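This report concerns only the one structure given below.
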Amino acid sequence: MPRRNPGRERPQRRKQVHGEPVDAFRCVGCRLDVPMIAPGTAHRNHCPHCLTSLHVDHRIPGDRRAACRGRMAALSVTVRRDGEWLIIHCCQSCGGLSANRIAGDDNALALLRVAVRPLSDSRLPVSALLAL
0 MPRRNPGRER PQRRKQVHGE PVDAFRCVGC RLDVPMIAPG TAHRNHCPHC
50 LTSLHVDHRI PGDRRAACRG RMAALSVTVR RDGEWLIIHC CQSCGGLSAN
100 RIAGDDNALA LLRVAVRPLS DSRLPVSALL AL
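Written as structure tokens, this is what we have:
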């Protein structure tokens with residue numbers, strides 16, 4: 000079967016060469032190409048659009064030593080004493096939890112959706128949350 004446009008070929012995506020620094024990654028949640036440079040943090044570890052991450056860090060942010068490589072979903076948000084927000088991720092494969100700093104370009108609406116999720120849970124009394 001002949002090609003539709005034999006004179007015009009689609010360029011291939013550049014393949015990653017082993018040892019070459021990575022400047023972007025593709026999100027496993029929304030398939031968005033995410034740049035590694037993030038304002039406000041040294042190690043980009045989640046998608047700024049859907050807040051999905053991969054289980055790649057073991058103990059230290061940026062070490063990339065975790066063997067799981069499972070998909071991590073944004074579970075909750077917590078706030079440090081200095082006012083900095085952290086996203087609590089839960090690994091869908093091994094069940095591990097991790098806290099990741101938010102970046103300056105994270106989707107504010109997605110962060111608020113995760114933050115107010117406990118308010119929509121009917122098993123948890125809202126009055127108990129407001130008393131905290």
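Residues 0 to 131 in numbering that gives the first Met the number 0 are what the sequence shown spells out, letter by letter.
We put the CB at the ideal spot given by N, CA and C, even for glycine.
Small disclaimer: the values here were computed from a predicted structure and weren't measured.
Specify the secondary structure class of A72 as computed by DSSP and reduced to three states. For the purposes of this step, residue 72 is identified with residue 73 of the sequence shown, where counting begins at 1. Looking at A72 - three-state DSSP - the assignment turns out to be strand.
Alpha carbon to alpha carbon, how far is H45 from S119? Looking up residue 45 in the sequence shown gives position 46. Looking up residue 119 in the sequence shown gives position 120. Distance between the alpha carbons of H45 and S119 is about 24 Å.
Do G69 and C90 come within 7 Å of each other at the CB atom, strictly closer than that value? One-based indexing of the sequence shown puts residue 90 at position 91. One-based indexing of the sequence shown puts residue 69 at position 70. In this structure, G69 lies closer than 7 Å to C90 by Cβ.
Taking the straight line between their C-alpha atoms, what separation do you get for A23 and R80? One-based indexing of the sequence shown puts residue 23 at position 24. One-based indexing of the sequence shown puts residue 80 at position 81. Cα to Cα, the separation comes out at about 32 Å.
Beta-ladder partner(s) of A37, from DSSP: The residue labelled residue 37 in the question sits at position 38 within the sequence shown. According to DSSP, which records beta bridges pairwise, A37 is partnered with T40.
Using C-beta distances below 8 Å, list every residue in its chain close to D51, excluding the 5 sequence neighbours before and after it, in chain order. In the sequence shown, the residue the question calls residue 51 occupies position 52. The residue asked about is misnamed: residue 51 is Thr in this sequence, not Asp. Contacts found: C26, V27, G28, C29, H45, R70, M71, A72, A73.
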